[in-house]
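Note that the UniProt record's numbering numbers the sequence shown so that position 119 is 119, with each residue one more than the last.
Every residue, glycine too, gets a C-beta built ideally from N, C-alpha and C.
Below is one structure, written out as structure tokens, with a few remarks after it.
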Amino acid sequence: MIVLIKILQVILALSILIIIHEFGHFFFAKLFKIRVEKFYLFFDVKFALFRFKPKNSETEYGIGWLPLGGYCKIAGMIDESMDTDSLKNPPQPWEFRSKPAWQRLLVMAGGVLFNFIFAVILYIGIMAGWGESYISNDNNSIYVNDLAYEMGFRNGDRILKFDDYVPERFEMLQADMVRRTASKATVLRGEDTLDIYIDQNMIGDVLNTPGMFGLAIPFVIDTIPATSPNYASGLMKGDRIIAIDGHDAGYLQDTRQLLKGYTGQKVQASVLRGKDTVALDLQVDTSGLLGIYTQLPGVKSRKYSILEAVPAGIRLTFSTIGGYIQDIKLIFTPKTEAYKSVGSFISMGQIFPANWDWYRFINILALLSIMLGVMNLLPIPALDGGHIVFTVYEMITGKKPSDGFLAGAQMAGMILLFGLMILAFGNDIGRLIR
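And the structure:
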């Protein structure tokens with residue numbers, strides 16, 4: 001059932017984003033009176049699952065069977081269909097190639113523009129409907145995995161800076177370190193401030209190892225429900241458990257493995273109460289838990305009115321675009337090995353929640369819309385960015401590339417895209433095997 005829910009979310013998200021993107025091309029084509037021959041969700045190689053053409057319409061609408069994208073077939077334009085028959089005839093006034101360069105530029109940029117506008121609308125809706133919540137990096141400490149430990153970080157470190165940048169959001173620490181290609185992290189360890197120099201040869205491992213910096217949660221008691229086996233244990237709100245059976249347990253994560261060894265038994269805990277340390281016998285339940293709610297540190301929240309949500313949504317959109325552009329730079333920097341983190345629809349499915357959650361779905365949809373927009377801006381001939389580059393070149397030089405050159409460039413771009421798709425699927429399959 002979980003797999004089915006994830007698959008449905010991927011299909012729905014892809015369908016929405018493809019329609020939005022292709023409608024951007026469609027909108028400007030119609031605006032400039034360019035004929036649109038086909039508007040398809042997914043590719044109709046050999047046959048279509050569904051197609052129809054309204055009466056007196058020049059456009060055929062349909063759904064293909066190959067869910068690798070979609071297309072808007074514009075008359076007189078060389079696209080992924082590689083249909084060049086119409087180019088053998090003299091240019092017609094309703095064709096793409098007959099229009100001035102600035103109109104063709106808007107037609108090609110329309111998909112990306114609509115993706116970004118769609119992300120802005122979604123983020124405004126999120127800000128107005130749910131507000132903004134994040135874990136502040138102020139006064140919060142990290143709980144490290146093996147890679148972070150190897151790089152020199154330790155449980156309880158507070159990350160103060162990456163080079164000269166002061167991170168604000170705790171959940172973005174790993175991304176900030178990579179995107180800024182930081183050479184140094186300044187941390188507070190106990191009462192000492194020290195620098196950890198970051199080996200750039202490990203950036204590839206960082207990109208492929210999520211969860212480097214977990215939130216180190218002190219085991220500070222918040223509430224003890226009446227159903228807890230430790231309801232009458234003597235624990236009080238504000239107490240902090242610092243050891244289990246003589247073993248240090250400075251953080252909640254430390255206690256998990258320790259308590260598993262005492263399932264269903266009593267265990268002695270050292271508890272810090274103010275300046276005093278007291279010993280209490282606690283009952284471990286059959287799940288290896290104490291049945292206690294802890295205090296969570298550093299969560300910041302803000303609510304927005306509809307008017308306030310507009311600039312907040314725009315800021316978040318541009319911030320996300322900037323971050324993803326930095327990710328793209330890393331992918332095309334071989335020494336970082338960031339290309340190993342490129343994923344396909346399999347990776348996409350893994351980021352969706354196991355249960356339907358509108359807040360998370362809309363958040364992911366906005367992020368994917370930005371990713372689709374940025375990816376299509378890459379100057380690869382088969383993508384919108386390639387067409388935009390050729391059109392801008394024409395506007396600057398006054399020389400229009402020949403149809404033969406454009407057809408050859410389109411083919412080369414498609415070969416490159418297929419190579420990237422093979423890389424993405426290969427990475428995902430490799431991760432699943434491992």
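Boundaries of the alpha helix (DSSP H) harbouring Thr255: Leu252 to Lys260, taken from the DSSP string. One alpha carbon belongs to Phe213, the other to Asn140, and they sit about 11 Å apart. By alpha-carbon distance to Ser402, the top candidate from Phe390, Tyr143 and Thr294 is Phe390. Distance from Thr294 to Phe361 at the Cβ level is roughly 29 Å; contact not present, criterion being Cβ atoms closer than 8 Å.
For Asp384, the secondary structure class from DSSP, reduced to helix, strand or coil, is helix.
A straight-line Cα-Cα distance of about 44 Å links Glu394 and Lys6.
With 16 or more other CB atoms across the displayed protein chains lying within 10 angstroms of its CB, Gly76 is buried. Apart from sequence neighbours up to five positions away, the residues of its chain that approach Gly211 with a beta-carbon distance below 7 Å are Asn145, ordered along the chain. For Arg169, no beta strand (DSSP E) segment is defined, and its DSSP state is neither H nor E.
Around the beta carbon of Ile20, 16 or more other beta carbons lie within 10 angstroms, which makes this residue buried. Taking Asp44 as reference, the option from Ile34, Phe26 and Gly69 with the minimal CA-CA separation is Gly69. Cβ neighbours of Ile321 within its own chain (closer than 6 Å, five residues either side excluded): Ile370. In the displayed model, Leu188 falls within a strand according to three-state DSSP. Short of 7 Å from the beta carbon of Asn376, and not among the five residues preceding or following it, lie these beta carbons of its own chain, in chain order: Gly111, Val112, Leu383, Asp384 and Gly385.
Beyond the five residues adjoining it in sequence on each side, Pro379 comes within less than 6 Å, by CB distance, of Gly385, Gly386 and Val389 in the same chain, given in chain order. Per the Cβ contact rule, the segment 322–329 is in contact with the segment 160–180 (3 or more Cβ pairs under 8 Å).
Cβ contact annotation for Met108 (same chain, cutoff 7 Å, sequence separation greater than five): Asp384, His387, Ile388 and Thr391, in chain order. Per DSSP, reduced to three states, the secondary structure at Asp222 is strand. The beta carbons of Gly250 and Ile242 sit about 6 Å from each other, so the pair counts as a contact at 8 Å. Assignment of alpha helix (DSSP H) within the segment 253–336, counting only whole runs of 4 or more residues, yields 306–331 in chain order.
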